[in-house]
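A quick write-up on the structure given underneath.
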Amino acid sequence: MVKQVLYLDDLKVGDTFVSEKYSLSADKIKNFAQEFDPQVFHCDENLAEDTFFKGLAASGWHTAAITMKLLTESLPFAHGIIGAGGEINWPQPTRPTDNLYVRSTIKEIKYSKSKPNQALLFVETETLNQHNEICQKLDSKLLSFKKSTT
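Note that numbering that gives the first Met the number 0 gives residue 130 to position 131 of the sequence shown, counting from 1, and the numbers run on in steps of one.
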């Protein structure tokens, strides 16, 4: 089955896209953390109990990586997800039992004056768990292109 791809011409402010779900586990959290963010609250359930997080929590960068995976699957931009900056927040920890999904909404489209075939999309992406609690909020600028007419 061929997946529909989206061009700038197909998009408007207010469009919302929702991903499939991604299941976390303690092993996934610890494996990521051991390689990229080796802190006790990401690597050891027992030691994590006595930290700010009061239990094992995924690295924010792990949550961001999962978000990127889900974004690429749920925002089928014709030329890929091309970032041009953004701001990221983690209002609450991501836990081993979480099933995450992302909801992305186009907030603004700023057409390029010098390159009429492209625009910056201002996209709000929330990474939510199975209780619809926000684990990460990403406000990003993404590059989008018109469908070629040649």
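Just so you know, even glycine gets a beta-carbon here, dropped at the ideal spot from N, CA and C.
Checklist entry - Would K20 pass as a contact of N98 if the rule is Cβ separation under 9 Å? => result yes
Checklist entry - S73 lies in the alpha helix (DSSP H); which residues open and close that run? => result 59-73
Item to check | Contact under 9 Å by Cβ, L70 with T104 | outcome: no
Item to check | First through last residue of the beta strand (DSSP E) which encompasses K106 | outcome: 98-110
Checklist entry - By DSSP, does E44 sit in helix, in strand, or in coil? => result helix
Checklist entry - When the Cα atoms are used, what is the spatial distance from E132 to P92? => result Taking C-alpha positions only, E132 is separated from P92 by approximately 10 Å.
Next on the checklist: Checking 9 Å against the spacing of the C-beta atoms, do V12 and R102 come in under that value?
Outcome noted: no
Checklist entry - What is the DSSP secondary structure of L23, reduced to helix, strand or coil? => result coil
Item to check | For L10 and K109, the rounded distance between their alpha carbons | outcome: 12 Å
Next on the checklist: According to DSSP, G85 sits in a beta bridge with which residue or residues?
Outcome noted: S139
Checklist entry - Tell me which same chain residues have a C-beta within less than 7 Å of the C-beta of W60, skipping the five on either side of it? => result Within its own chain, the residues whose Cβ lies closer than 7 Å to the Cβ of W60, once the five positions on either side in sequence are excluded, are F35, D36, listed in chain order.
Checklist entry - How would you call A118, buried or exposed, if buried means at least 16 neighbouring beta carbons within 10 angstroms? => result By the neighbour-count criterion, in which 16 or more other beta carbons inside 10 Å mark a residue as buried, A118 falls on the buried side.
Item to check | Own chain, CB closer than 6 Å to K136, minus 5 neighbours either side, in chain order | outcome: N88, E125
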